[in-house]
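Trainee: Below is one structure. I have some questions about it.
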Amino acid sequence: MRRLLLPAIAVIIAGGFAALIAFGVSQTGEDRSIDQAVAAEGRPLAPKADVKLPTLDGKGAVSLESLRGRTVVLNIWASWCPPCREEAPELAALQRRIEPLGATVLGVTWNDTIPDARKFIADAKLDYLQARDVGGSFAKAYGTKGLPETFIIDPAGKITALRRGAVDAAFLDAALVPLLGRKAASK
Amino acid sequence: MTLRAAAVTLALALLAAPAAAAQPPTLAGIEDQVMCTVCGVPLSMAREAPAAKRERALIQQLINEGRSEAEIKAELVATYGDGVLIEPRGKGFDLTAWLVPIILTLAGAAALAGLLISWRRRGETAPSAASTAGTLSEADARLVDEALRDSD
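Chains as they are written, first to last, in my numbering: chain U, 1 to 187; chain H, 1001 to 1152.
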């Protein structure tokens, strides 16, 4: 019995290490499950919907759950990201079109400083909800690796379309007209 | 004279130590302790990434405001989350970074102690050279005697 003690301890330690390595690999791997589900027209539930993200104005918090019942255009961005600057006018115009339809754009900053993000919003004249993903766990659940990324979430909280990269009018029209009607179209 | 010089050197060294500890933080010093969270490498290694440049600018701004190292790190954690610090915090999964080396050291020491005890016991129970000498057969003893005689 005692002869088995040392090998047993060695096996336990080796097993622990293997578990740690497996956990580490699973944390760094690229998650494209949302892309696959949307491509298969699966409409996956938007992850982390219950997470309350602090708003950029410092006055409270917002969660996707609190926006349930409305179509949400979730845009993950940062002020240091040039394509985010390029798509900003498109999103500003979109908000003006879809707000009367009961929908909204929700901006979520990723790895950005508060002053930089606020300046970006003022410069681009963005007039919609803005929140912060402190620590990056929210964006990680969406498989975010680069910016900007945009997810169209229907009133039931399901993702119907996504764009990894800057959005354009064609993408927004194709994704939003089926949900909101012709009034959501850019032209 | 030599003793006096040594005392002066020691006094200066003791005075200099707290002065060095009270040095204001530097960008290079902070850079080595934090990550570029977008790039996944220490900030000191991320030169060109736009996110790294912004993070560096924030640190420099906080240094210029006269913030201490602890205050700067706290501000970085508030902005980027716990993952911005290279040194893991002693809570949650990060705790494994501290516990695993301790557990490994203790396990290694225990294994070494076990091996040493095992060797020692084996040494005590194994027949020694002295005890086996008496078991030499008469024929062998005769051969040894003859060999010794021949060598003389």
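From the three backbone atoms N, C-alpha and C, an ideal C-beta is built for every residue, glycine too.
Excluding the 5 residues preceding and the 5 following Ile1086(H) in the sequence, name in chain order all residues of the same chain whose CB lies nearer than 7 Å to its CB.
Mentor: Around Ile1086(H): Gln1033, Val1034, Met1035 and Pro1042.
Trainee: Any Cβ of chain U within less than 8 Å of the Cβ of Arg1182(H)?
Mentor: The requested residue 1182(H) is not part of the displayed model; chain H covers only 1001 to 1152.
Trainee: Could you list which residues in chain H have their beta carbon closer than 8 Å to that of Gly135(U), in chain order?
Mentor: For Gly135(U), the residues of chain H that pass the 8 Å Cβ criterion are Tyr1080, Gly1081, Asp1082 and Gly1083, in the order they occur in the chain.
Trainee: Taking any Cβ of chain U, which residues in the segment 1032–1049 of chain H have a Cβ under 7 Å from it, in chain order?
Mentor: Thr1037 and Val1038
Trainee: CB-CB under 8 Å to Leu45(U), same chain, minus the five flanking residues each way: which ones, in chain order?
Mentor: So the qualifying residues of the chain are Gly157, Lys158 and Ile159.
Trainee: Considering only DSSP beta bridges, list what Glu1055(H) is partnered with.
Mentor: Paired residue(s): none; Glu1055(H) is not in a bridge.
Trainee: Please list, in chain order, all residues of the same chain as Leu1095(H) whose beta carbon is under 6 Å from its beta carbon, the five residues on each side excluded.
Mentor: Closer than 6 Å at the Cβ level, and outside the excluded window around Leu1095(H), lies no residue.
Trainee: Specify the secondary structure class of Gln1023(H) as computed by DSSP and reduced to three states.
Mentor: coil
Trainee: How long is the line joining the alpha carbons of Gly143(U) and Pro47(U), rounded to whole angstroms?
Mentor: Their backbone Cα atoms lie some 10 Å apart in a straight line.
Trainee: If we count the other Cβ atoms within 10 Å of its Cβ and call it buried at 16 or more, is Lys1073(H) buried or exposed?
Mentor: buried
Trainee: Whose C-beta lies closer than 6 Å to the C-beta of Phe120(U) among residues of the same chain, with five residues either side of it excluded?
Mentor: Ser79
Trainee: When DSSP labels each residue in this structure, what does Pro155(U) get in the three-state scheme?
Mentor: coil
Trainee: Quick one: Cα of Gln1061(H) to Cα of Leu1027(H), how far?
Mentor: 10 Å
Trainee: Starting from the beta carbon of Ile121(U), find every residue of chain H whose beta carbon is closer than 9 Å, and list them in chain order.
Mentor: None at all; the shortest Cβ gap to chain H is about 15 Å.
Trainee: Between which two residues does the beta strand (DSSP E) containing Val134(U) stretch?
Mentor: Where Val134(U) is concerned, there is no enclosing beta strand (DSSP E), given that its DSSP letter is neither H nor E.
Trainee: Which residue's Cα is closest to the Cα of Gln36(U): Lys187(U), Glu86(U) and Leu162(U)?
Mentor: Leu162(U)
Trainee: Looking only at its own chain, which residues have a Cβ that is under 8 Å from the Cβ of Ala1051(H), when we skip the five neighbours before and after it?
Mentor: Cys1036, Thr1037, Val1038 and Cys1039
Trainee: Write down every uninterrupted run of the beta strand (DSSP E) in the segment 1051–1125 of chain H whose length is 3 residues or greater and which is fully enclosed by it, in chain order.
Mentor: none
Trainee: Residues of the segment 86–118 of chain U with a CB closer than 9 Å to any CB of chain H: list them in chain order, please.
Mentor: Trp110, Asn111, Asp112, Thr113, Ile114, Pro115 and Asp116
Trainee: CA-CA distance, Thr1079(H) and Leu56(U)?
Mentor: Whole-angstrom Cα-Cα distance: 11 Å.
Trainee: For Arg43(U) and Ser33(U), what's the separation of their Cα atoms in angstroms?
Mentor: 11 Å
Trainee: Does the Cβ of Gly15(U) have 16 or more other Cβ atoms within 10 Å, making it buried, or fewer, making it exposed?
Mentor: exposed
Trainee: Specify whether the segment 128–135 of chain U and the segment 161–180 of chain U touch according to this definition: at least 3 beta carbon pairs, one from each stretch, less than 8 Å apart.
Mentor: Note that the segment 128–135 of chain U does not touch the segment 161–180 of chain U; fewer than 3 beta-carbon pairs, one per stretch, sit closer than 8 Å.
Trainee: Identify the continuous alpha helix (DSSP H) that holds Val38(U) and give its terminal residues.
Mentor: Ser33 to Ala39
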